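Peer 1:
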Amino acid sequence: MTWSPWEIAAVLTGLGFLLLAIRENPWCWLSGGISTGIFLVLFWQANLYMQSLLQAYYVSVSVYGWWHWRRGATGSGPLAVQSWPLSRHVMVTVLILGLGIANGYLLGSNTDSRLPYLDALTTWGGVLTTWMAARKVLQNWLYWLVINAAAIYMYLGSELPLTAGLYGVYFILAIFGYLRWKRSYQQPSD
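Each number in this note's numbering corresponds to the 1-based position in the sequence shown with 4 added.
In structure tokens:
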């Protein structure tokens, strides 16, 4: 099995993104932007079309995340971690499932996508969850646990073993991210 140097670069910068994000360091968005730019091409070549489009979205969210984390919600300083009520999470989950199923059907009917429903569900989950991360919503890490587990299966089935390994690391680090952001959320603001 040969590993592409581009996949290695994407994995390393992707890992950099997550490690910096856990520490609430805005430089995570630069590392993530580089990683997603590379993955955009790799996923297209692997016939994971929605994952490729997702990477284009991630590049744009990297710019938004960088700006938003540095300016904060009011423009007066770094953004604080927030928590959403259960009703908003129900709405987000229904939206992900609805968009994922509809998009999966379209992919399965009109393309040679390898895993159309899984590709679509993880893509729409990633879209909404990345936006949550850019807004520093604590529970984004819990969504990532589910998305990353599904992505591991999808990438193994698409002959992207390093990428599957990266998502295995992402799965583990999402636990640490959640715990760290929870501590940050519980600390009183100055």
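All C-beta atoms, glycine included, are put in the ideal place defined by N, C-alpha and C. As the structure is a prediction and not an experimental result, all values here were calculated from the model.
(1) Quick check on Q49: does DSSP put it in helix, strand or coil?
(2) Taking the alpha helix (DSSP H) that P9 belongs to, which residues open and close that run?
(3) So, at 7 Å on beta carbons, what are the nonlocal neighbours of V85 in its own chain, with the 5 sequence-adjacent residues on each side left out?
(4) In terms of DSSP beta bridges, what is V141 paired with?
(5) Looking only at its chain, what residues have a beta carbon closer than 8 Å to the beta carbon of S87, apart from the 5 residues adjacent to it on each side?
(6) Going by DSSP in three states, P30 sits in which element: helix, strand or coil?
(7) Out of curiosity, what's the CA-to-CA distance linking H148 and L122?
(8) Going by the CB atoms, is the gap between G69 and A153 shorter than 7 Å?
(9) Assuming Q190 is part of the alpha helix (DSSP H), what are its boundary residues?
(10) For the pair the stretch 102 to 116 and the stretch 40 to 48, tell me if three or more CB-CB distances fall below 8 Å.
(11) Helix, strand or coil for L119, going by three-state DSSP, please let me know.
(12) Would you call the CB atoms of W128 and I100 closer than 7 Å?
(13) From L164, G169, P9 and L132, pick the residue whose C-alpha is nearest to that of V94; which is it?
(14) Taking the straight line between their C-alpha atoms, what separation do you get for L24 and P165?
(15) Between the Cα of C32 and those of W73, L119 and N51, spot the shortest distance and give me the residue it belongs to.
Peer 2: According to the structure data:
(1) Counting from 1 along the sequence shown, the entry for residue 49 is found at position 45. In the structure shown, Q49 sits in a helix (DSSP, three-state: H, G or I).
(2) Position 5 of the sequence shown, counted from the start, is the residue given in the question as residue 9. Element bounds for P9: P9 to I26.
(3) Position 81 of the sequence shown, counted from the first residue, corresponds to residue 85. K140, L142, W185, S188 and Y189.
(4) Sequence index remark: in the sequence shown, residue 141 carries index 137 (1-based). Answer is Q86, bridged to V141.
(5) On the sequence shown, residue 87 is found 83 positions in, with the first residue counted as 1. Same-chain partners within the cutoff: V141, L142, Q143 and Y189.
(6) As a first step, residue 30 must be located in the sequence shown, where it is residue number 26. Note: P30 maps to coil in three-state DSSP.
(7) In the sequence shown, the residue the question calls residue 148 occupies position 144. In the sequence shown, the residue the question calls residue 122 occupies position 118. Note on residue identity: the sequence assigns Trp, not His, to residue 148. Distance between the alpha carbons of W148 and L122 is about 14 Å.
(8) As a position in the sequence shown, residue 153 is number 149, starting the count at 1. As a position in the sequence shown, residue 69 is number 65, starting the count at 1. No, the Cβ-Cβ distance between A153 and G69 is not below 7 Å.
(9) Counting from 1 along the sequence shown, the entry for residue 190 is found at position 186. Secondary structure note for Q190: its alpha helix (DSSP H) is the uninterrupted segment P165 to Q190.
(10) no
(11) By one-based count along the sequence shown, residue 119 stands at place 115. DSSP places L119 in coil when its eight states are reduced to three.
(12) One-based indexing of the sequence shown puts residue 128 at position 124. One-based indexing of the sequence shown puts residue 100 at position 96. Taking 7 Å as the Cβ cut-off, W128 and I100 qualify as a contacting pair.
(13) As a working note, residue 94 is residue 90 in the sequence shown. The residue with the shortest Cα to Cα distance from V94 is L132.
(14) The sequence position of residue 24 within the sequence shown is 20, counting from 1. The sequence position of residue 165 within the sequence shown is 161, counting from 1. So the two alpha carbons sit approximately 23 Å from each other.
(15) On the sequence shown, residue 32 is found 28 positions in, with the first residue counted as 1. The residue with the shortest Cα to Cα distance from C32 is W73.
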